[in-house]
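Notes follow once the structure below has been shown.
Protein chains: 2
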Amino acid sequence: MGNEKELLNVSKATIGRLPAYHRYLQEKLAAGERTVSSTAIAEDLHLNAVQVRKDLSAIAREAGKPKLGFAVADLIADIDRFLGYDNLNDAVLVGVGGLGSALAGYSGFKNYGLNIVAAFDADPARVGTSVGGVKVFPAEELARLVRRLNVLIGIVAVPREAAQGVADELIKGGVRAIWNFAPVHLNVPADIAVKNEDMAASLAILSQRLAEILNSEK
Amino acid sequence: MGNEKELLNVSKATIGRLPAYHRYLQEKLAAGERTVSSTAIAEDLHLNAVQVRKDLSAIAREAGKPKLGFAVADLIADIDRFLGYDNLNDAVLVGVGGLGSALAGYSGFKNYGLNIVAAFDADPARVGTSVGGVKVFPAEELARLVRRLNVLIGIVAVPREAAQGVADELIKGGVRAIWNFAPVHLNVPADIAVKNEDMAASLAILSQRLAEILNSEK
DNA sequence: GTTCATTCGATATTTTTTTATCGATAAAAT
DNA sequence: ATTTTATCGATAAAAAAATATCGAATGAAC
């Protein structure tokens, strides 16, 4: 893989914005636009134009052209490449309750390079069924099957109480990255990546912004 | 409300971490611990101790004590107060498909100060039913009902194609903050707060970290 | 062809966020 | 009582991220 150099130069903040650019660019492409300027992107996405240029130049192979901007299709390809959207990563999903089955059913993940190959649940009634095209296995088989499938990403969508145990099993099975939707802090070794999908944090930020808006207008 | 001064000094980054502290502290409280040090929090949450102290001192009323640390219960109360967890904000939910009903069913939101008072869906089969204790109304009534209920927060959990239209209706109804779970960029006036629950962005960051980990170990 | 307006990339500046350092304090140990 | 040690808060330094500035390039208008 030839992106070792890239990994170093691209900031976390930039990476977080790339998917938004990606979606935006696809809209533009669908609308038949061939090129787009950083100014336009910035305006629509409520960002700073310089920031957009910097973000894009960090991952783009072709430079933007004065007066025209960037080639939409090229940029999409660049982001695909950088984010690995074009080669699928296998993952397992643990917990197919409300949220879990919503995740399993979301076909869009494939577009983001994520391929859910198996699901697990502790509830015998769910075992053996298929959710969103993904087979559900008993929780007891978790570690063993993960190891056999050679999966590196685990998605945790179980109730709070069960999350830590699930994480432990995933790690035992060889998983190296955990996407955690349970509202708990997971205790894991330092060499395991955890990304908390922290709804509470999002909500906190939204509420704060709402408060600011309401405050500022009176 | 006496937190105008607070709003200014507390950084967005800090606000994003507060819910994690909150959960952590509640675990500690449940475990019977009276006090906790910034060092311990930092270690368990994989943060820097100075950062933790700064975050906490930004919202805490009582200072930490040398050799003991902070009073767990006080800190929880301080975060509750700062984040408004103790006074509920009403919200409406639009879209009760897989993700939407998972959200409606998640009772934990009440703990985060969010109270879903009504849900909407375009599918007549869903209208009239109740999801997670929340009644589902027809999409046509959205703007009218939102206005009548005087709700300021809207949660968008509809398919991509429908999201912009829903956002428009919400705003027409008087909503000032939108929590967007649809994978699209919403076009809204500048005085409306939007928080995108951007799964793709989270996934991008997780993948990147996974790549780093795998890279560093070989 | 010349001018104009738009956009770029590069560099510099500012702001924000994180991390390091250090003296002071108070609980615990001697 | 004295010493030791864990912890704090404050201040300083460093790192990261966002924003501003400006000359150069180039397509479009005249």
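Protein sequences, first through last, are from chains A and B. For the first sequence, the working numbering begins at 830 and goes up steadily by one. For the second sequence, the working numbering begins at 830 and goes up steadily by one. Using N, Cα and C, we set each Cβ at its ideal position, and we do this for glycine too. As the structure is a prediction and not an experimental result, all values here were calculated from the model.
For residue i, the nearest candidate out of the options (CA to CA)
i, options, result
"B:VAL1049", "B:THR864, B:TYR941, B:ASP997", "With chain B running from 830 to 1047 in the structure shown, residue 1049 of chain B is simply not present."
"A:GLY924", "A:ASP1020, A:TRP1008, A:ILE1034, A:LYS1024", "A:TRP1008"
"B:LYS964", "B:SER930, B:PRO895, B:VAL879", "B:SER930"
"B:LEU904", "B:LEU885, B:LEU917, B:ASP919", "B:LEU885"
"B:TYR941", "A:TYR941, A:ALA1029, A:GLU1041", "A:ALA1029"
"A:PHE1010", "A:LYS1001, A:GLY1002, A:GLY994, A:PRO988", "A:PRO988"
"A:GLY962", "A:TYR935, A:GLU970, A:GLY926", "A:TYR935"
"A:ALA1019", "B:GLY994, B:GLU990, B:LEU874", "B:LEU874"
"A:ASP919", "A:GLY926, A:VAL946, A:PRO953", "A:VAL946"
"B:PRO953", "B:LYS939, B:PHE938, B:LEU943, B:GLU970", "B:GLU970"
"A:PHE938", "A:ARG882, A:GLU1041, A:ILE984", "A:ILE984"
First and last residue of the uninterrupted beta strand (DSSP E) at residue i
i, result
"A:ASP919", "918-923"
"B:LYS964", "963-967"
"B:ASN1009", "1006-1009"
Rounded separation between residue i and residue j - CA only
i, j, result
"B:ALA986", "B:VAL1004", "15 Å"
"B:ASN838", "A:ALA948", "44 Å"
"B:ASN832", "B:ASP907", "Confidence in B:ASN832 is poor, its pLDDT being 41 and thus under 50, which makes the residue's placement unreliable; the coordinate value appears in the next sentence. When rounded, the distance between both Cα atoms is 12 Å."
"B:ARG863", "A:LEU912", "44 Å"
"A:THR958", "A:PHE966", "8 Å"
"B:VAL921", "B:ILE982", "7 Å"
"B:ARG1038", "A:GLY861", "35 Å"
"B:ALA842", "A:ASP915", "32 Å"
"A:LEU854", "A:ASN979", "34 Å"
"B:LYS894", "A:GLN880", "42 Å"
"B:VAL1013", "B:HIS851", "30 Å"
"B:ARG973", "A:SER1045", "26 Å"
"B:LEU999", "B:SER1031", "26 Å"
"B:ARG977", "B:ASN1025", "26 Å"
"B:LEU932", "B:ARG955", "15 Å"
"B:VAL960", "B:ALA991", "20 Å"
"A:ASP909", "B:ALA1033", "11 Å"
"B:ALA889", "B:ILE844", "13 Å"
"B:ALA849", "A:LEU917", "31 Å"
"A:LEU1043", "B:GLY926", "31 Å"
"A:LYS896", "B:GLU891", "57 Å"
"B:ALA887", "B:SER840", "9 Å"
Start-to-end residues for the alpha helix (DSSP H) that takes in residue i
i, result
"B:LYS1024", "It is not in any alpha helix (DSSP H) - B:LYS1024 instead sits in the beta strand (DSSP E) that spans 1022-1025."
"B:GLY994", "989-1001"
"B:VAL980", "Run containing B:VAL980: none; DSSP gives neither H nor E here."
"A:THR868", "867-874"
"B:ALA1030", "1028-1045"
"A:ARG846", "841-859"
Close Cβ partners of residue i (< 7 Å) along its chain, the five nearest in sequence each way excluded
i, result
"A:LYS834", "At A:LYS834, the pLDDT of 43 sits below 50, so the modelled position is not reliable; the number obtained from the coordinates is stated separately. Same-chain partners within the cutoff: there are none."
"A:ASP1027", "none"
"B:LEU866", "The question names Leu, but residue 866 of chain B is Ser in the sequence shown. GLY898."
"B:VAL901", "LEU854, LYS857, LEU858, GLU862, ARG863, THR864, VAL865"
Cut-off 6 Å between Cβ atoms - residues of its own chain near residue i, not counting five sequence neighbours on either side
i, result
"B:ALA951", "ALA968"
"A:ALA878", "SER867, THR868, ALA871"
8 Å CB neighbourhood of residue i in its chain, flanking five on each side removed
i, result
"A:ALA1022", "ARG1005, ALA1006, ILE1007"
"B:LEU876", "ARG846, ILE870"
Residue i: CB within 8 Å of a non-hydrogen atom of the ligand COA
i, result
"B:ASN838", "The ligand COA is not part of this structure, which contains no ligands at all."
Quick check on the DSSP output: what are the complete alpha helix (DSSP H) runs of length 4 or more inside the segment 876-945 of chain B, in order along the chain?
Entirely contained in the segment 876-945 of chain B, the alpha helix (DSSP H) runs reaching 4 residues are, in chain order, 878-888, 901-912, 927-934.
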